[in-house]
Ligand code: A3P
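Numbering (this note's numbering), first residue to last: 2 to 319.
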């Protein structure tokens, strides 16, 4: 079903980190244009189990390329799906309410079988994944549970992914190398373009809701209403306004159930580093166009070229 090979490009070695390494390219035997860069550990221990996972009609999935606003969308979706249960949301870690199915396949340092954990969640299960469409469970396309997909400007995504690599994964290389690898579709979960295009192409299916990070920034209340309609929920304008405050950047940044402070501290300390929230927080800047202050002209050109490749297929909202 899959070909698994090590891409022959030096840049791949350069972007390996103490936490994430031994990258392989997993491609579909039927259609080799479908591929994804993942750690060998994922290929050995999670790939088949996820592909064959039993899916239920009442599952709710949030699927994204990393750094497109996954966490933000998860909290929004979970709250809307749970009758605005602030009490539980402020007491239970998001990752416990809404597990990340393939997380344990990314590094052996995550001491949990996240596939089993996710599979055994009480229904309705709320499930996060960064996997591209062709690696997601087959039953998603027959059982058709609700899937919320979020896309973001690839430039802001690449910059955010770079900071995530530096701070969470222990990446010590340069931003230039990271952006080069991103443009060559050789970072973890690459390619971003195909990831987005595959969901863009099915965005009108009834069980798919396709959102943009930039729309959530522009008009959160409007996007909340879209999710409410999709999840067949009805809340008053006051309730929506209150939810938007709960989901605002400052609130999410300071919400210890959502801001992943514990995970970051664990990963940093296990890889011999000291956690200092002054240097990095997972909920980092939350800006549209923040890349303008961070990319060099050359890096910006690489990503312009990258976006051009997808331009005919996706109308990015920026
Ligand atoms: P930046 O690194 O650009 O700040 P993910 O959850 O997919 O990893 O995405 C993380 C990105 O979403 C980070 O982007 C983070 O700051 C941003 N984010 C999370 N919550 C947000 C919010 N309430 N408002 C705006 N951006 C938010």
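We put the beta carbon where it would ideally sit given N, CA and C, even for glycine.
Between residue 63 and residue 78, the C-beta spacing is below 8 angstroms.
The beta carbons of residue 51 and residue 136 sit closer together than 8 angstroms. Around the CB of residue 6, fewer than 16 other CB atoms lie within 10 Å, so the residue is classed as exposed.
In this structure, the CA atom of residue 18 is about 47 angstroms from the CA atom of residue 237. A residue is called buried once 16 or more other Cβ atoms fall within 10 Å of its Cβ, and residue 152 is buried on that count. Taking the Cα positions, residue 87 is about 15 angstroms away from residue 97. Separation of residue 138 and residue 55 (C-alpha to C-alpha, rounded to the nearest whole angstrom) is 8 angstroms. Per the coordinates, the alpha-carbon of residue 259 lies some 34 angstroms from the alpha-carbon of residue 298. The segment 292-308 makes contact with the segment 157-175, as at least three CB pairs between them are under 8 angstroms. At a threshold of 7 angstroms, residue 263 does not count as near ligand 1, since its beta carbon sits no closer than that to any of the ligand's heavy atoms. Residue 270 and residue 276 have their alpha carbons spaced roughly 7 angstroms apart. In the DSSP assignment, residue 61 falls outside any alpha helix (DSSP H) and within the unbroken beta strand (DSSP E) covering 61-65. Within the same chain, Cβ atoms closer than 7 angstroms to the Cβ of residue 170 are found at 18, 20 and 21, the five residues on either side in sequence being excluded. One alpha carbon belongs to residue 317, the other to residue 257, and they sit about 31 angstroms apart. Within the DSSP secondary-structure output, residue 4 pairs in a beta bridge with 28. Residue state for residue 122 is assigned as coil, using DSSP reduced to three classes. In this structure, residue 146 and residue 60 form a Cβ contact; the two beta carbons are roughly 4 angstroms apart against a cut-off of 8 angstroms. In this structure, residue 187 sits away from residue 315, with a CB-CB distance that is not shorter than 8 angstroms.
Contact between residue 308 and residue 179 fails: their C-beta atoms lie close to 17 angstroms from each other, not under 8 angstroms. Excluding the 5 residues flanking it on each side, residue 110 has same chain C-beta neighbours closer than 8 angstroms at 20, 268, 271 and 272, in chain order. Annotated three-state conformation of residue 161 is helix, per DSSP.
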